[in-house]
Amino acid sequence: MLHPENRCIKCGACQSVCPVLRLEGRETFPGPRRLAVEVSRFSRENSTLSSPLEMCTSCAQCESACPSRLPLTDAVMLMRVRHGARSEGGDRMLRNSRQFGRTIAPVSSMRAPSEGSTLFFPGCVGEARTASSVQAAIDLLLSTGDRTYVPDGWSCCGSPLEKIGERREAERLRSINAPLLEAAEAVVTACPGCAVQLRRSNGVEALHVLEYLYESITPARLRLRSSRLLTVALHSPCHLLRTVGPHTIDYARELLASVPGLRVVDMDDEGCCGGGGGVASARPDLALRMARRRVDSAARAGAEVLLAPCPFCVVNLGRAGGVEVRELTSFLASLSESRS
Amino acid sequence: MRSRVEALIIGGGATGTGIARDLAMRGAEVMLVEAGDFAAGATGANHGMLHSGARYAVTDPVSARECAEEGAVLKRIARFCIEDTGGLFVSASRDDAEYVDRFLPACGRAGIRAEEIDTREAREIEPCLDAGIKAAVKVPDASIDPFFLALGNVSSARRHGATVLNHSPVRRIRRIDGGFEAVIGRGGRERRVAADVVINAAGAWAGEVAAMLGVSIPLCIDKGTLVVFNGRLVNRLVNRLRPPSDGDILVPHRTATILGTTSSAGAAGDRATSAEVERLIAEAEAVLPGIKESRAVRAYAGARPLLGGGSAGRGASRTFQVIDHACDGVDGLISVAGGKLTTFRLMAERTSDAVMEKLGRAARCRTADEEIEPFDDAPSSDFDLEAMRYRHGTSAAALSPFSTVPGCGCEAVTRGEMEHYASSPDVSDIGDLMRRTRAGMGYCQAGLCAVNMASAMDQGARELQRYYGERWRGVEPVLFGEQLRQEMFKAHLLKAYGIDHTEEGR
Chain Y
7 MLHPENRCIK
17 CGACQSVCPV
27 LRLEGRETFP
37 GPRRLAVEVS
47 RFSRENSTLS
57 SPLEMCTSCA
67 QCESACPSRL
77 PLTDAVMLMR
87 VRHGARSEGG
97 DRMLRNSRQF
107 GRTIAPVSSM
117 RAPSEGSTLF
127 FPGCVGEART
137 ASSVQAAIDL
147 LLSTGDRTYV
157 PDGWSCCGSP
167 LEKIGERREA
177 ERLRSINAPL
187 LEAAEAVVTA
197 CPGCAVQLRR
207 SNGVEALHVL
217 EYLYESITPA
227 RLRLRSSRLL
237 TVALHSPCHL
247 LRTVGPHTID
257 YARELLASVP
267 GLRVVDMDDE
277 GCCGGGGGVA
287 SARPDLALRM
297 ARRRVDSAAR
307 AGAEVLLAPC
317 PFCVVNLGRA
327 GGVEVRELTS
337 FLASLSESRS
Chain C
24 MRSRVEALII
34 GGGATGTGIA
44 RDLAMRGAEV
54 MLVEAGDFAA
64 GATGANHGML
74 HSGARYAVTD
84 PVSARECAEE
94 GAVLKRIARF
104 CIEDTGGLFV
114 SASRDDAEYV
124 DRFLPACGRA
134 GIRAEEIDTR
144 EAREIEPCLD
154 AGIKAAVKVP
164 DASIDPFFLA
174 LGNVSSARRH
184 GATVLNHSPV
194 RRIRRIDGGF
204 EAVIGRGGRE
214 RRVAADVVIN
224 AAGAWAGEVA
234 AMLGVSIPLC
244 IDKGTLVVFN
254 GRLVNRLVNR
264 LRPPSDGDIL
274 VPHRTATILG
284 TTSSAGAAGD
294 RATSAEVERL
304 IAEAEAVLPG
314 IKESRAVRAY
324 AGARPLLGGG
334 SAGRGASRTF
344 QVIDHACDGV
354 DGLISVAGGK
364 LTTFRLMAER
374 TSDAVMEKLG
384 RAARCRTADE
394 EIEPFDDAPS
404 SDFDLEAMRY
414 RHGTSAAALS
424 PFSTVPGCGC
434 EAVTRGEMEH
444 YASSPDVSDI
454 GDLMRRTRAG
464 MGYCQAGLCA
474 VNMASAMDQG
484 ARELQRYYGE
494 RWRGVEPVLF
504 GEQLRQEMFK
514 AHLLKAYGID
524 HTEEGR
């Protein structure tokens, strides 16, 4: 089909759920229908759109609300490639990718076997920005007897490069990863974005680590226990909820519920942390405002720790301050009896 | 009330408004009267294509040369309503591969810049083209908005002193000493106009106008149906590289792609049928596979007023004729017929030359020297202002202080723009407002914005019902796929206002 977004019937559902539109107002961010559907049909006028285009966090709430299931996020990203201004961050990602095969220059190497059966895919943000979490996740898996490994020479999944229109570079990375992924019995990652991209571009059934922990390892084998009474809140990452799979976050809830000594509280405001879609680098002010809403909500609910099963969310929520933010798998690892 | 002018022009299409502009620029006292709204006939019901002339190069070299020359002039004077997309002629896998060998030299003879390119290159610049295309030629075709072109002529004519009236049908016209007297207007608002010369530029209705003065014109009406698809399926005009036939042109037009046309004997006011739509889409599939799954939002039919001396339809020349009816015993009546949107300015020039001669005055045509609407090259940084600049030219800047609340999302029309045009004396119904802003022309076919337009005009459910009835005539032939869902959704919404938008009414 040519241009699927042209199938919009203007019900307005996408506009009503967009968190950026709600927070910033129509004057600043005209919303997914306007950017993905309406103005994409114009030609010369679109040179004016670079500012609103960089504000989409690709949370995909619009897509979930759309009765026609239009690919609104992809359409916004395509508009961004065509009409957005290339940010400094984008240039840096491309440079790093060409030099290191990662969008962020790798800082340290992980302690993990380089051979095994379960390939753990660290991801660029995971490795460089939440290295201790990734290490903890690997250690947790190994502690259960799983033959977890990180292959030498893995590269970026390609998702951020596709989003800035660098298809050729994304393809180069895909082909580097292809033989590594094919050799693995299972592919696991703690980054929802990587999981989805590896599924889409490499055609492997990449699992989010929560899926793997719940379905293959099972909660019983993890033997989790909190040494003291602890109140936590669970953030639902957009890419986990709407692209990895709708039930993955339930696995997280069940894993947490199985831990003695842990109390999980509900937040009064659910939604996007603002850390996706390149917003954290292009519009840090907006990303911070969105993160604050989430963290404030966790504080109001009485949470001591805000947990997030996504490295992007962890980094961005962590900027807001006020409540301790932790990556979920590494938090689970810290509760593991087999580890302590 | 009686006024006196030198020239009375009947018909507010591109040609009539072009003549009004031309004569006014030459200093003549001019009145133009249009029975409905400007551009409401064939002017507003064609492809919106600025011909390079290539389409006629092989079969109709006179028209081809006229189009080539006039196309270049319009790209200079009508920048505000032209998108210089360029055009591509491609031969589909089932087309005659030899045709390109006749086409290229014919373009050369007509003065058209035509350049054959590799089919791979063609598919790079137009990714949706069929993989089996056999030849591709680049030509300087462009896309033009005929509504804004005619409206631009009207404002330019007025700036030069012309009186231009819409919704002013000619009720009677008779010869008086040294000229004519016409009664124009509706109901109680009739007025008398005396004129030395009457110009019949009524397009498909030219025969009826001439008949009021006892003259007959050998005109045949050729029906052409077009389908509007949502969004840009192509980036430049895509033509079939074959002798002109049905369904062989795709025009990227503002937020849509227009596919056409058919050619069959018809009458003014004919409607597009779903059978014609199916035929057009089946033809286009040969060039643009997948178009049958794309979203058609509307279909419409235009009435080409062709000068018929026996040969009609595709066979009739697209050139035009200025007829001095002195030979019919009606000195002072001049008719102009035939031609293309692309050649309207030349038609206006030739007609105005004849009028000036009748008036015994001499002043040369200046329409090619001055822009119809001033157009500033500097882009603005605001999307809505940019959209307005490409509709109204530089004068759109005056609308910037008005409300930027969206009025019509499909076409990016603000409430402020709606309110401004709603207050024009030319605008008496929602359709008039639509033609001046494009609100309502988009994919939801006025689903939501009609209400905004009605409120900008202080009109209510009855006027809305009438306007939706007009929209429905164009939607009915494309009721399949996504547009069917769209119309179901609209029916549901509009129930709240007690409106059945599928009811044509009167």
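In order, the protein sequence lines correspond to chains Y and C.
Okay, so the first sequence: first residue is 7 according to our numbering, each after it adds one.
Okay, so the second sequence: first residue is 24 according to our numbering, each after it adds one.
All C-beta atoms in this analysis are idealised placements derived from N, C-alpha and C, irrespective of residue type, glycine included.
Cα-Cα separation between residue i and residue j, rounded to whole angstroms
i: A201 (chain Y); j: L516 (chain C); result: 41 Å
i: G36 (chain C); j: A62 (chain C); result: 5 Å
i: C24 (chain Y); j: E276 (chain Y); result: 12 Å
i: Q506 (chain C); j: D293 (chain C); result: 22 Å
i: T38 (chain C); j: L76 (chain Y); result: 43 Å
i: R194 (chain C); j: G355 (chain C); result: 19 Å
i: A80 (chain C); j: K98 (chain C); result: 20 Å
i: N223 (chain C); j: I395 (chain C); result: 22 Å
i: E493 (chain C); j: M457 (chain C); result: 12 Å
i: D292 (chain Y); j: L29 (chain Y); result: It is Leu, not Asp, that sits at residue 292 (chain Y) in the sequence shown. Each residue's alpha carbon lies about 9 Å from the other.
i: A165 (chain C); j: A473 (chain C); result: 30 Å
i: D200 (chain C); j: F503 (chain C); result: 59 Å
i: P198 (chain Y); j: R101 (chain Y); result: 24 Å
i: L204 (chain Y); j: H214 (chain Y); result: 11 Å
i: V85 (chain C); j: E442 (chain C); result: 45 Å
Three-state class that DSSP yields for residue i in the structure shown
i: F203 (chain C); result: strand
i: M476 (chain C); result: helix
i: Q468 (chain C); result: coil
i: L55 (chain Y); result: coil
i: P225 (chain Y); result: helix
i: K246 (chain C); result: strand
i: A445 (chain C); result: helix
i: S340 (chain Y); result: helix
i: Q509 (chain C); result: helix
i: D124 (chain C); result: helix
i: A309 (chain Y); result: coil
i: T437 (chain C); result: strand
i: S26 (chain C); result: strand
i: Q67 (chain Y); result: helix
Beta-carbon contacts of residue i that lie in its chain and below 7 Å, excluding the five residues immediately before and after
i: A435 (chain C); result: F406, D407, A410
i: S375 (chain C); result: I42, D45, L46, R49, C388
i: S46 (chain Y); result: E11, A81, M85
i: A314 (chain Y); result: H241, P243, V320, L323, V331, E333, L334
i: A305 (chain Y); result: G328, V329
i: A309 (chain Y); result: T237, V238, A239, V271, V329
i: L312 (chain C); result: The displayed chain sequence assigns Pro, not Leu, to residue 312 (chain C). Cβ neighbours of P312 (chain C) beyond the five flanking positions: D153.
i: S342 (chain Y); result: L146, S149, L228, R229, L230
Close-in-space but distant-in-sequence residues of the same chain around residue i (CB under 8 Å, 5 per side omitted)
i: A288 (chain C); result: C243, I244, D245, K246, A335, G336
i: I156 (chain C); result: V113, S114, A115, S116, T142, A145, R146, V310
Nearest-angstrom beta carbon gap, residue j and residue i [assumed within contact, 8 Å]
i: L256 (chain C); j: S297 (chain C); result: L256 (chain C) to S297 (chain C), Cβ: 20 Å. No contact.
i: G454 (chain C); j: Y490 (chain C); result: 6 Å
i: D83 (chain C); j: R265 (chain C); result: Wrong, their Cβ atoms sit about 14 Å apart, outside the cutoff.
i: E393 (chain C); j: I167 (chain C); result: With a Cβ gap of about 18 Å, E393 (chain C) and I167 (chain C) do not count as contacting.
i: T248 (chain C); j: E299 (chain C); result: 4 Å
i: G283 (chain Y); j: C62 (chain Y); result: 5 Å
i: L78 (chain Y); j: P38 (chain Y); result: 5 Å
Start and end residues, beta strand (DSSP E) containing residue i
i: F112 (chain C); result: 110-114
i: Y323 (chain C); result: 319-330
i: M54 (chain C); result: 53-56
i: G430 (chain C); result: 429-431
i: G67 (chain C); result: Run containing G67 (chain C): none; DSSP gives neither H nor E here.
i: I140 (chain C); result: 138-140
Boundaries (first-last residue) of the alpha helix (DSSP H) holding residue i
i: H276 (chain C); result: From DSSP, H276 (chain C) is part of no alpha helix (DSSP H) but of the beta strand (DSSP E) over 272-276.
i: V43 (chain Y); result: Per DSSP, V43 (chain Y) belongs to no alpha helix (DSSP H) and is neither H nor E.
i: D45 (chain C); result: 37-48
6 Å Cβ shell around residue i - same chain, five flanking residues per side excluded
i: A68 (chain C); result: Y323, G325
i: S191 (chain C); result: V56, I207, G208
i: A307 (chain Y); result: A239, V271, M273
i: R248 (chain Y); result: A66, S70
Neighbour flag for residue i against chain A, beta carbons, 8 Å
i: L204 (chain Y); result: This model lacks chain A altogether; the protein chains it does include are Y and C.
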